[in-house]
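To start, the structure under review is shown below, and the notes come after it.
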Amino acid sequence: MLTLAAIILTKNEARHVAECVASLRWADRIIVFDSCSDDATADLGRAAGAEVYQQPFANYAAQRNAALDAATAHGPVEWVFFVDADERGTPELAAEIRRVISERPENGWYVPRHNYIFGRLTLGAGWYPDYQFRLLRHGKARYVRPVHELGEVDGAIGYLTNPLIHHNYRDTAQFHAKQRFYVATDAAILKEQGIRPKPRNYVLQPLRHFWWRFVTLRGWRDGLHGLRLSLYMAYYEWAKYRRLAEIISHG
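Each residue of the sequence shown is one higher than the last, beginning at 0 in numbering that gives the first Met the number 0.
Written out as structure tokens, the structure reads:
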């Protein structure tokens with residue numbers, strides 16, 4: 000049987016790590032690749048039966064690539080399945096993964112997610128199918144781009160049908176904290192690309208983003224929940240350009 004390693008990326012995930020490990024028992028190896036957490040994440044991962052490696056966080060792509068390298072420290076690994084600590088594997092997804100890595104020629108696979116935001120399954124506004132590049136043949140793929148990382152694959156890719164369960168944003172405080180992080184990093188990327196904010200960006204970009212989320216991506220399917228999320232994301236589109244202007248003004 001082909002060796003499959005499930006890798007969980009963590010940073011202060013004591014709340015989630017044991018349950019995540021338990022949902023991945025079907026993998027041949029389970030690895031917690033930790034960004035030097037301040038809490039008990041590493042100890043809880045070991046107690047749950049996972050191998051634990053630690054490395055300071057540089058960026059998302061670098062962390063995934065370092066985890067790929069660490070996966071072969073104790074022997075060959077043919078396939079790697081990346082999971083975040085707030086995600087859960089299911090028996091249906093496990094069976095599909097075992098089937099495709101045994102029968103299909105693709106070197107990488109995108110996995111859909113069921114996102115639970117504020118405790119509610121969210122199927123519109125861009126949160127479904129929310130494909131993530133997570134299953135890859137070791138040695139045939141790497142990750143690029145520091146934020147919202149992308150996979151580069153040597154060979155064909157495919158799309159799985161059974162979703163990961165993602166317990167995303169348990170409350171509004173967590174949601175806004177994460178979006179503020181994305182605003183700062185995305186604004187810095189825009190500056191590096193030489194983009195400067197124009198007056199119309201503060202009006203047209205949020206309006207377009209709201210339309211895209213609520214109408215094009217069918218946020219309306221989730222009712223008031225979808226409306227609220229679409230409005231939040233439109234606001235953060237505005238905040239991104241405001242942050243870009245601040246970065247430029249401070250040199």
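We put the beta carbon where it would ideally sit given N, CA and C, even for glycine.
- Remark: C-beta atoms of Ala-39 and Ala-65 do not approach each other more closely than 7 Å.
- Straight across, the Cα-Cα distance linking Tyr-59 with His-249 is about 26 Å.
- Under the three-state reduction of DSSP output, Val-110 falls in the strand class.
- In the structure shown, the three-state DSSP call for Ala-183 is helix.
- Taken in chain order, the complete alpha helix (DSSP H) segments of 4 or more residues contained in the stretch 6-93 are 16-21, 40-46, 59-69.
- Taking each of Arg-98, Ala-155, Tyr-142, Thr-121 in turn and checking the Cα distance to Gly-107, the smallest one comes out for Ala-155.
- Judged by their CB atoms, Arg-119 and His-15 are not nearer to each other than the 7 Å cut-off.
- Counted as a single uninterrupted DSSP element, the alpha helix (DSSP H) harbouring Phe-209 occupies residues 200-210.
- Excluding five sequence positions before and after Ala-140, the CB atoms of its chain that fall closer than 6 Å to its own CB belong to Gly-107, Gly-150, Val-152, given in chain order.
- Tyr-142 places its beta carbon less than 7 Å from that of Arg-63.
- When beta bridges are read from the DSSP output, Gln-131 appears opposite Val-110.
- By the Cβ criterion, the stretch 81-90 is in contact with the stretch 1-13, since at least three pairs of Cβ atoms, one from each stretch, lie closer than 8 Å.
- Contact between Trp-25 and Ala-72 fails: their C-beta atoms lie close to 22 Å from each other, not under 8 Å.
- Separation of the CB atoms of Ala-70 and Leu-216 is rounded to 34 Å, and the pair is thereby denied contact status at 8 Å.
- Between His-113 and Pro-162, the gap from beta carbon to beta carbon is short of 7 Å.
- Here DSSP, grouped into helix, strand and coil, assigns Tyr-231 to helix.
- A distance below 8 Å between beta-carbons, with the five flanking residues on each side excluded, links Lys-190 to the following residues of its chain, in chain order: Leu-243, Ile-246, Ile-247.
- Judged by DSSP in its simplified three-state form, Glu-105 adopts coil rather than helix or strand.
- If you ignore the 5 residues before and after Val-76, its C-beta comes within less than 6 Å of the C-beta of Thr-2, Ala-4, Ala-70, His-137, all in its own chain and listed in chain order.
- When C-beta atoms of the stretch 190-206 are compared with those of the stretch 168-178, fewer than three pairs fall below 8 Å, so the two segments do not count as touching.
- For Leu-122, no beta strand (DSSP E) encloses it, and the DSSP letter there is neither H nor E.
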